[in-house]
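Following: one structure in structure tokens, then a few remarks.
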Amino acid sequence: MSLFSSKPKKQTTTDVTFGVTTCQSPTVLGSQNGELRNVSWQQVEDGLEEVFDDSNQFLVLTLQEIRHNIRFVQAAQCDQGIVVQLGIEKDNATKLVEKICSEWECIDIFKEFYNSSAVKNPQDYTPVEFFV
Numbered sequence: 004m005s006l007f008s009s010k011p012k013k014q015t016t017t018d019v020t021f022g023v024t025t026c027q028s029p030t031v032l033g034s035q036n037g038e039l040r041n042v043s044w045q046q047v048e049d050g051l052e053e054v055f056d057d058s059n060q061f062l063v064l065t066l067q068e069i070r071h072n073i074r075f076v077q078a079a080q081c082d083q084g085i086v087v088q089l090g091i092e093k094d095n096a097t098k099l100v101e102k103i104c105s106e107w108e109c110i111d112i113f114k115e116f117y118n119s120s121a122v123k124n125p126q127d128y129t130p131v132e133f134f135v
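Just so we're aligned, residue 4 is where the sequence shown starts under our numbering, counting upward by one.
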């Protein structure tokens, strides 16, 4: 054993799944402040403004009716901009994928999801890495 043994390196994985959730309301908006049900687009936009103004804020929009395997969209600030994550449901599990975007792009993603349960180009998102 060396006197100066190195610390084990942290490993990451993208092979993490979560359970499938159900949503009891047409729309649910979650943040540090709790949840709102049956929200208007204006309430979603106001929540996004809070995320853009406060690095400690996050926002999650969940829909009851999904047609494109995306259960929720969530956003928070990161060093490179705004990280947007999608909760993709497949094979009775949910996987997280993400991409970094601008505030305007984030608003567009949430608006499209709010109106249609779709997100443009989901293939542009990468699996979220978790430390193991």
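C-beta atoms are modelled at their ideal positions from N, C-alpha and C, and glycine is treated no differently.
Keep in mind the model is a prediction, meaning the values are calculated, not measured.
Asked	Found
Could you check what DSSP says for I69 in three-state terms: helix, strand or coil?	coil
Along the chain, where does the beta strand (DSSP E) containing G22 start, and where does it finish?	Segment: none, G22 is in no beta strand (DSSP E) and carries neither H nor E.
Counting C-beta neighbours from all protein chains within 10 Å, is the total for R40 16 or more, i.e. buried, or is it exposed?	exposed
Compute every distance between the C-beta of V122 and the non-hydrogen atoms of the ligand FAD, then say whether any falls below 7 Å.	What this structure holds is no ligand at all, so the ligand FAD is not there to describe.
Can you give the Cα-Cα distance for F116 and V135, rounded to whole angstroms?	31 Å
To the nearest angstrom, how far is it from the Cα of Y128 to the Cα of V100?	5 Å
What does DSSP give as the partner residue(s) for S105 in the beta ladder?	For S105, which the question treats as bridged, DSSP gives no partner whatsoever.
What distance in whole Å lies between the Cβ atoms of S34 and G50, which are believed to be in contact at a cut-off of 8 Å?	6 Å
Work out the CA separation of S58 and D111 for me, nearest whole Å.	20 Å
Please work out which residues of its chain come closer than 6 Å, Cβ to Cβ, to F196, disregarding the five sequence neighbours upstream and downstream, and give them in chain order.	Residue numbering for the chain in the displayed model covers 4 to 135; residue 196 lies beyond these limits and cannot be assessed.
Roughly how many whole angstroms lie between the Cα atoms of P125 and H71?	10 Å
Considering only C-alpha positions, which residue in the set E53, Q77, T65 and E48 is nearest to T25?	T65
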